[in-house]
Amino acid sequence: MTIQLESGDRLKQILDRLVEMSKKDYYNPYQIFDWPESLPEHQYWMSPELMSVHGTEAAKDLTEEQLWAISRWESINFYSLNVDGIRELITEIINRIHTKEFEVSSEYFHHMVGEENEHMWFFATFCLKYGGKFYPDKGIKLSSDFTGPAAHFMVFARLLMFEEIVDFFNKKMGTDERLHPTIRQVNFIHHQDESRHVAFGRQICSLLHSQLRDTANAEELAEIERYLKLYLRKSIDSLVNPAVYRDAGIPEPYQFRNKVLADPAFKELEKRILKRSMSYLISEGILSDDELPAA
Amino acid sequence: MSAGIDVVLEYLKAKRPDLESIPDDLDLIENRVLDSLGFVNFLYVLEEQTGREISMDEVTPEDFRTVQAIRRRFFDDAVNAGH
Ligand SMILES: [Fe+2]
Ligand SMILES: [Fe+2]
Numbered sequence: 009m010t011i012q013l014e015s016g017d018r019l020k021q022i023l024d025r026l027v028e029m030s031k032k033d034y035y036n037p038y039q040i041f042d043w044p045e046s047l048p049e050h051q052y053w054m055s056p057e058l059m060s061v062h063g064t065e066a067a068k069d070l071t072e073e074q075l076w077a078i079s080r081w082e083s084i085n086f087y088s089l090n091v092d093g094i095r096e097l098i099t100e101i102i103n104r105i106h107t108k109e110f111e112v113s114s115e116y117f118h119h120m121v122g123e124e125n126e127h128m129w130f131f132a133t134f135c136l137k138y139g140g141k142f143y144p145d146k147g148i149k150l151s152s153d154f155t156g157p158a159a160h161f162m163v164f165a166r167l168l169m170f171e172e173i174v175d176f177f178n179k180k181m182g183t184d185e186r187l188h189p190t191i192r193q194v195n196f197i198h199h200q201d202e203s204r205h206v207a208f209g210r211q212i213c214s215l216l217h218s219q220l221r222d223t224a225n226a227e228e229l230a231e232i233e234r235y236l237k238l239y240l241r242k243s244i245d246s247l248v249n250p251a252v253y254r255d256a257g258i259p260e261p262y263q264f265r266n267k268v269l270a271d272p273a274f275k276e277l278e279k280r281i282l283k284r285s286m287s288y289l290i291s292e293g294i295l296s297d298d299e300l301p302a303a
Numbered sequence: 005m006s007a008g009i010d011v012v013l014e015y016l017k018a019k020r021p022d023l024e025s026i027p028d029d030l031d032l033i034e035n036r037v038l039d040s041l042g043f044v045n046f047l048y049v050l051e052e053q054t055g056r057e058i059s060m061d062e063v064t065p066e067d068f069r070t071v072q073a074i075r076r077r078f079f080d081d082a083v084n085a086g087h
């Protein structure tokens with residue numbers, strides 16, 4: 009499927025504008041950050057309200073010391089998810105750059121791939137410097153993928169959802185005065201670049217989905233919806249990692265995770281994280297409701 | 005460790021209440037009892053029941069193909085399960 013230029017005229021204008029913004033905002037990531045030798049342990053590394061355990065029963069008996077530890081390891085998990093997510097997404101974009109179907113967006117892809125490469129570098133640097141490790145991706149490929157136009161749509165939809173979820177955290181943590189300046193800086197800078205990526209993501213997803221609606225049957229569209237919901241479920245669940253709790257010294261980390269996932273306070277956080285994305289997906293007719301499958 | 009594999013089996017059954025039973029040799033991947041997006045939650049059940057973290061460098065989809073394969077790989081033989 010070619011991205012049709014009749015419907016893509018607006019897209020072309022937006023792409024030109026985003027490329028201009030990318031050039032104007034360009035920074036050298038290898039020089040811009042202050043990386044102190046270490047970060048203080050006796051404070052939060054994540055905004056407390058954004059932590060998985062915030063307001064949950066499971067967290068009621070934890071000391072502030074334990075909460076600091078969870079915030080530290082949970083932030084390393086968050087940046088590790090970014091590294092894994094970017095690796096996957098750069099691969100998909102590279103597979104499409106300068107192919108006939110993505111002619112119109114290739115110039116923009118150069119900027120995006122470059123920026124994501126730099127994001128991966130500063131997130132990885134943070135993990136290794138202050139956590140001494142990454143949390144490994146526990147995914148495996150079992151099911152076969154979509155093909156053709158549906159595959160294109162799924163790549164950009166997953167990418168957009170991933171970026172919007174991450175941005176929910178970056179936006180708040182980038183200006184949270186309780187956090188160390190380096191933590192704020194990493195989040196703030198990522199949020200700046202991602203605003204452009206999200207703007208593009210929404211345009212391309214709307215366009216690709218409207219083209220899909222012309223060609224795919226109801227069953228195929230339902231399968232796309234089902235898959236996208238599972239993807240959102242997985243993305244939310246991956247914010248809650250038993251290895252984080254284990255590293256923070258919490259006994260029975262797997263049971264602790266199950267309690268957190270089932271807690272109404274966590275469901276509340278999930279709703280807040282997905283709010284913007286859900287209303288977009290529903291208003292575009294990509295999802296028919298905001299009910300996600302159970303964990 | 006027979007208790008462990010039973011918990012894993014219960015988890016799979018709860019995921020697919022529409023299946024009457026999950027025979028030992030049922031292809032879990034073909035029959036979509038396990039899929040890519042639900043895999044991590046399943047893996048955590050397996051980690052909890054085996055009592056150790058599973059490194060993805062050391063497993064292949066075939067290790068999760070059937071209940072029998074899961075039992076062999078992660079429960080029956082402690083030596084085998086170690087790597
Ligand atoms: Fe990024
Ligand atoms: Fe991005």
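The listed protein sequences derive, respectively, from chains A and B.
Residue 203 in my numbering sits at position 195 of the first sequence; the count goes up by one each step and never skips.
Residue 22 in my numbering sits at position 18 of the second sequence; the count goes up by one each step and never skips.
For glycine and all other residues, C-beta sits at the position ideal for the given N, C-alpha and C.
Owing to the predicted nature of the structure, the values given are computational and were not obtained by experimental measurement.
Nearest residue (CA-CA) to B/R76, options B/F43, B/D29, B/L41: B/D29
Per-residue contacts from A/I148 into chain B (C-beta, under 7 Å): Going along chain B in sequence order, the residues near A/I148 (Cβ under 7 Å) are S40, F43, M60, P65.
Chain A contact for B/Y15 (CB, 8 Å cutoff): no
For A/N249 and A/N90, believed in contact at Cβ under 8 Å, the rounded distance: The pair is not a contact, with the Cβ atoms about 14 Å apart (cut-off 8 Å).
Proximity test, A/H199 beta-carbon vs ligand 2 heavy atom, cut-off 7 Å: no
beta-carbon A/H205 near ligand 2 non-hydrogen atom, thresh 7 Å: yes
Own chain, CB closer than 6 Å to A/V252, minus 5 neighbours either side, in chain order: W81, E82, N85
Closer than 8 Å at the beta carbon, the chain A residues around B/E51: P250, Y262
C-beta neighbour in chain A for B/L23, strict 8 Å: no
Short Cβ contact (8 Å threshold) for B/Q89 with B/V12: No answer is possible for residue 89 of chain B: it lies beyond the span of chain B, which begins at 5 and ends at 87.
Residue span of the alpha helix (DSSP H) that contains A/A270, given as start and end: Per DSSP, A/A270 belongs to the alpha helix (DSSP H) from 261-270.
Euclidean distance between Cα positions of B/D9 and B/F79: In the sequence on display, residue 9 of chain B carries Ile and not Asp. For B/I9 and B/F79, the distance between alpha carbons rounds to 7 Å.
Closer than 8 Å to chain A by CB, B/R77: For B/R77, not one C-beta of chain A is nearer than 8 Å to its own C-beta.
Between the CA atoms of A/L23 and A/L75 - distance to the nearest angstrom: 43 Å
Contacts that B/L47 makes with chain A (C-beta to C-beta distance below 7 Å): K146
Short Cβ contact (8 Å threshold) for B/V44 with A/D245: Taking the C-beta atoms as reference points, A/D245 is found nearer than 8 Å to B/V44.
Range of the contiguous alpha helix (DSSP H) that encloses A/H160: 156-181
Contacting positions in the stretch 236-248 of chain A - beta carbon closer than 8 Å to chain B: Within the stretch 236-248 of chain A, L238, Y239, R241, K242, D245, S246 place their CB atoms closer than 8 Å to a CB of chain B, listed in sequence order.
Members of the stretch 210-228 of chain A that neighbour chain B once the beta carbon cut-off is set at 7 Å: none
Buried or exposed by the 16-neighbour rule on C-beta atoms within 10 Å, applied to A/H8: Residue 8 of chain A is absent from the structure shown; chain A starts at 9 and stops at 303.
Between the CA atoms of A/L269 and A/L58 - distance to the nearest angstrom: 14 Å
Minimum Cβ-Cβ distance from B/I74 to chain A less than 8 Å: So, not an interface residue.
Chain A within 8 Å of B/N84, Cβ atoms only: Bear in mind that the predicted position of B/N84 carries a pLDDT of just 49, short of 50, making it too unreliable to give a figure here.
Listed by chain order, chain B residues near A/R166 by CB distance under 9 Å: Ordered by position in chain B, no residue passes the 9 Å Cβ test against A/R166, which lies about 10 Å from the chain.
Span separating the alpha-carbon of A/H199 from that of A/E172: Approximately 10 Å, taken between the alpha carbons.
Helix, strand or coil at B/V49 [DSSP, three-state]: For B/V49, the secondary structure class from DSSP, reduced to helix, strand or coil, is helix.
Any non-hydrogen atom of ligand 4 within 7 Å of A/E171 CB: As presented, the structure is devoid of ligand 4, carrying ligand 1 and ligand 2 as its sole ligands.
Three CB pairs or more closer than 8 Å across the stretch 120-135 of chain A and the stretch 31-47 of chain A: Result yes; three or more Cβ-Cβ pairs closer than 8 Å.
Contact test: B/E14 Cβ vs ligand 2 heavy atom, cutoff 7 Å: no
Contacts that A/A303 makes with chain B (C-beta to C-beta distance below 7 Å): N45
Beta-carbon proximity list for A/T107, same chain, < 6 Å, skipping 5 on both sides: none
Status (buried if at least 16 other CB within 10 Å, exposed otherwise) for A/D69: exposed
CB contact flag (A/T64, A/A256, <8 Å): no
Integer-rounded CB distance, given that B/P65 should sit under 8 Å from A/I148: 6 Å
Chain-ordered neighbours of A/R265 on chain B, where CB pairs are closer than 8 Å: Y48
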